[in-house]
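These notes are about the structure you will find just below.
In my numbering, the protein residues as written are 23 to 720.
Written as structure tokens, this is what we have:
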């Protein structure tokens, strides 16, 4: 006991030149109210200093600590680390010490703690013992130049450290193995839900798919050593109707976030709007977006399905759209064009949707035009062939009401797209597909007569020669218009493709008029079958074609102003009227004609630029520094909708999923279903699964 006491006394004597340090050390080792002898306990074998009885830490500065002898430094470290100093009698002292990583070392010495070790961010080396001396010596020996490039405390150094730490993410320990099967099952349910939407199937089919897996798996995996585990994994699939509904909603939300991100990134976008009434008589406005990016790549996506309540006038549609645009912070200053179906609510020059947009200061100057979505209906109304259409619809409704003659109904609709064949046909021609139904109706006219007679439902028009001639003319014309519509189905088509198709159709109208004037039915085969050429009043049909031609000129008059510009961007090195083309481009770019002319001449005479022409990616490689106005205008024209493919896909899906047994699919569920079923984006399934609380199916 005395020997140990003398050791402590000598320690105090050694520290006497530094009274501040010594006094604080003494206060820490010997608390108030205790004697020095009371602090020593002799159990006969081991002598211990009971450090846990120390009432306060011994605050010693780094400079004072370094000035002490090495043995005394270690003694202080042992005390402040909360461990006991253990000394066996007659043996050298043994000290048990724990060292802990100091977070301050990250910025000072570029060290982090990874998997319990102190690792250098600069070279990935580790130190065995996390002591300041060790990490400081490594940093100053191997990376002394780092501080000169990235000064301590600077933002530059902080950013560099964040970059270095980000590379360690894959190395961080992840305890996901126990949850992996659950996560995989959740991802599988997301993918199946997405497939159901893309195949236009009801939510409840998820349970059928699961049962199919179970029944098939029981046979396929018979004899497999891990059959039990496989069947258990299938059994855990979550595919109830409610679960599929939630999955599609989550997928749609993820896709919408991707879309909104792209809307902010794109340099131009255009909108295509179409109003529709489904089988529940509820009005919906489909808003589609076509975006073009800095590399001139293009994406077409459903922006939103807006429910229209009450009246659907132009102002009502505008208010619904404006509210949504404000809600998602739609960058309207990037708007290049709006295309619509040409209905009065959209196209009325005073109160239509387009007029309302033009009056609003939030909207820039934009091109507006009518896409040929409902041209068949418009042409029927323009040509005043309602007497033909009404009779056909009434007759088909009679056939549909007679369940015994479903074969005849299917024959009538065999060429109509499958998802529409079971719908209740409406009076509106856009639900009728006249380009497909009218030729079929004419071909089955004899069988239709017999059916109606058997039910005592005589229709006088079916035996009227003049009515049959009108039917034959309309059937041929609708078939030709249907072909024109098919040309508009290429997704991401350029506006030039639509303009070329319209110009071509107008040329054909002039050709058909010429044949009628010559009393030739060469291009109207249905009229040839109905009767001889001498029985027709050809001048009447010439008048119908002239009316249709005038309608086309009025409907697509906006194309006339932009045609020179579009032609130039399709073929910039062809013969061109510089002044006329520059005027057209300047109107689109909202720039001076003078600057446009200079860029056009510079481009056409630059043989280096010309050498890149011809591979379909010419404008992608045009230098925006040399030709900024032309490059920007090329992107703007690229953003114009050149097809109705997305619209057709949307409404085809809507008609399929909104059958009478699924009319409750409304609001956000409909929007989510359509978005999931038509989007070109890929859902982030891993993120979606991580955001869910994995639960096995019961």
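We put the beta carbon where it would ideally sit given N, CA and C, even for glycine. In this text, all values refer to a predicted model and were calculated from it rather than measured experimentally.
> What are the partner residues of residue 294, as DSSP defines its beta bridges?
Replying inline: Note: residue 294 sits in a beta bridge opposite 310, 361.
>> Can you look up residue 275 in the DSSP assignment and give me helix, strand or coil?
In response: Looking at residue 275 - three-state DSSP - the assignment turns out to be helix.
> Would the beta-carbon of residue 266 fall within 7 Å of that of residue 225?
Replying inline: Here residue 266 is near residue 225, since their CB atoms are less than 7 Å apart.
> Does the beta-carbon distance from residue 675 to residue 270 come in below 7 Å?
Replying inline: Contact: no.
> Quick one: any contact between the region 512-519 and the region 663-678, if contact means 3 or more CB pairs under 8 Å?
Replying inline: Touching, yes, given that three or more Cβ pairs across the two stretches are closer than 8 Å.
> Excluding sequence positions up to five away, which residues of its chain have a Cβ less than 8 Å from the Cβ of residue 614?
Replying inline: Counting only Cβ-Cβ distances below 8 Å, and skipping sequence neighbours, we find 608.
> Straight-line CA distance for residue 333 to residue 220?
Replying inline: Rounded to whole angstroms, residue 333 to residue 220 spans 32 Å at the Cα level.
>> Between residue 373 and residue 344, how many whole angstroms is the CB-CB distance? I'm expecting something under 8 Å.
In response: The C-beta distance from residue 373 to residue 344 rounds to 15 Å, too long to meet the 8 Å contact threshold.
>> Could you check whether the Cβ of residue 412 sits closer than 7 Å to any Cβ belonging to chain B?
In response: The structure shown contains no chain B; it holds only a single protein chain.
> Are residue 587 and residue 318 close, meaning C-beta to C-beta below 7 Å?
Replying inline: Result no, Cβ atoms of residue 587 and residue 318 do not sit closer than 7 Å.
> Excluding the five sequence neighbours on either side, which residues of its own chain have a C-beta within less than 7 Å of the C-beta of residue 490, listed in chain order?
Replying inline: Beyond the five residues adjoining it in sequence on each side, residue 490 comes within less than 7 Å, by CB distance, of 552 in the same chain, given in chain order.
> What's the call for residue 140, buried or exposed, on a 16-neighbour Cβ count within 10 Å?
Replying inline: Residue 140 should be labelled buried.
> Does the beta-carbon of residue 288 have 16 or more other beta-carbons within 10 angstroms, so that it is buried, or is it exposed?
Replying inline: When all chains shown are included, residue 288 counts as buried.
> When the Cα atoms are used, what is the spatial distance from residue 621 to residue 649?
Replying inline: Residue 621 and residue 649 have their C-alpha atoms some 6 Å from each other.
>> Quick check on the burial criterion: 16 or more other C-beta atoms within 10 angstroms. Buried or exposed for residue 306?
In response: Buried.
>> Taking the alpha-carbon of residue 162 as reference, which of 132, 469, 260 has the nearest alpha-carbon?
In response: Comparing alpha-carbon positions, the option among 132, 469, 260 lying closest to residue 162 turns out to be 132.
>> Rounded to whole angstroms, what is the Cα-Cα separation between residue 690 and residue 696?
In response: Their Cα atoms are separated by approximately 10 Å.
> Do you know whose CA, among 407, 630, 635, 486, lies nearest residue 499's CA?
Replying inline: Proximity to residue 499 across 407, 630, 635, 486 peaks at 407, based on C-alpha coordinates.
>> On the DSSP letters alone, give me the boundaries of the alpha helix (DSSP H) that residue 176 sits inside.
In response: According to the DSSP assignment, residue 176 belongs to no alpha helix (DSSP H), since it is labelled neither H nor E.
> Which residue spans inside the region 554-612 form an unbroken beta strand (DSSP E) run of at least 3?
Replying inline: Contiguous beta strand (DSSP E) elements confined to the region 554-612 do not occur, taking only those with 3 or more residues.
> Apart from the five residues on each side of it in sequence, which residues of its chain come closer than 8 Å, Cβ to Cβ, to residue 229?
Replying inline: Excluding residues within five positions, the ones whose Cβ falls inside 8 Å are 261, 262, 263.
> How long is the line joining the alpha carbons of residue 277 and residue 628, rounded to whole angstroms?
Replying inline: The alpha-carbon atoms of residue 277 and residue 628 are separated by roughly 43 Å.
>> According to DSSP, is residue 391 part of a helix, a strand, or is it coil?
In response: Strand, per DSSP.
> Which same chain residues, not among the five before or five after residue 534, have their C-beta less than 7 Å away from its C-beta?
Replying inline: Result list for residue 534: 545, 567, in chain order.
>> Just to check my reading of the structure: residue 352 and residue 386 have Cβ atoms closer than 8 Å, yes? What is that Cβ distance to the nearest angstrom?
In response: Contact between residue 352 and residue 386 fails: their C-beta atoms lie close to 12 Å from each other, not under 8 Å.
>> Please identify the residue among 165, 148, 323, 284 whose C-alpha is closest to the C-alpha of residue 138.
In response: Comparing alpha-carbon positions, the option among 165, 148, 323, 284 lying closest to residue 138 turns out to be 148.
>> Suppose you measure from the CA of residue 710 to the CA of residue 703; what does that come to, to the nearest Å?
In response: Near 14 Å, if we compare the C-alpha coordinates of residue 703 and residue 710.
> What are the uninterrupted segments assigned as alpha helix (DSSP H) that are 4 or more residues long and contained completely in the region 636-661, given in chain order?
Replying inline: Here the runs fully enclosed are 640-643, 650-660.
> According to DSSP, is residue 325 helix, strand or coil?
Replying inline: Here DSSP, grouped into helix, strand and coil, assigns residue 325 to strand.
> Nearest-angstrom Cα distance between residue 495 and residue 471?
Replying inline: Cα to Cα, residue 495 sits roughly 20 Å from residue 471.
> Do you know how far the Cα of residue 538 is from the Cα of residue 493?
Replying inline: Straight-line Cα distance between these residues: approximately 17 Å.
>> Extract the residue ranges of the alpha helix (DSSP H) inside the region 451-514, only unbroken runs of 4 or more that lie entirely within it.
In response: Segments of the alpha helix (DSSP H) lying fully in the region 451-514: 456-465, 467-476, 487-509.
>> Here's a check: name, in chain order, each residue in its chain whose Cβ is nearer than 8 Å to the Cβ of residue 623, leaving out the five neighbours to either side.
In response: Contacts found: 600.
> Can you name, in chain order, every residue of its own chain whose Cβ lies under 6 Å from the Cβ of residue 603, other than the five neighbours on each side?
Replying inline: The beta carbon of residue 603 is closer than 6 Å to those of 586, 590 in its chain, skipping five residues each way along the sequence.
> Just the Cα atoms here: how many angstroms apart are residue 633 and residue 641?
Replying inline: If you take the alpha carbons of residue 633 and residue 641, they lie about 12 Å apart.
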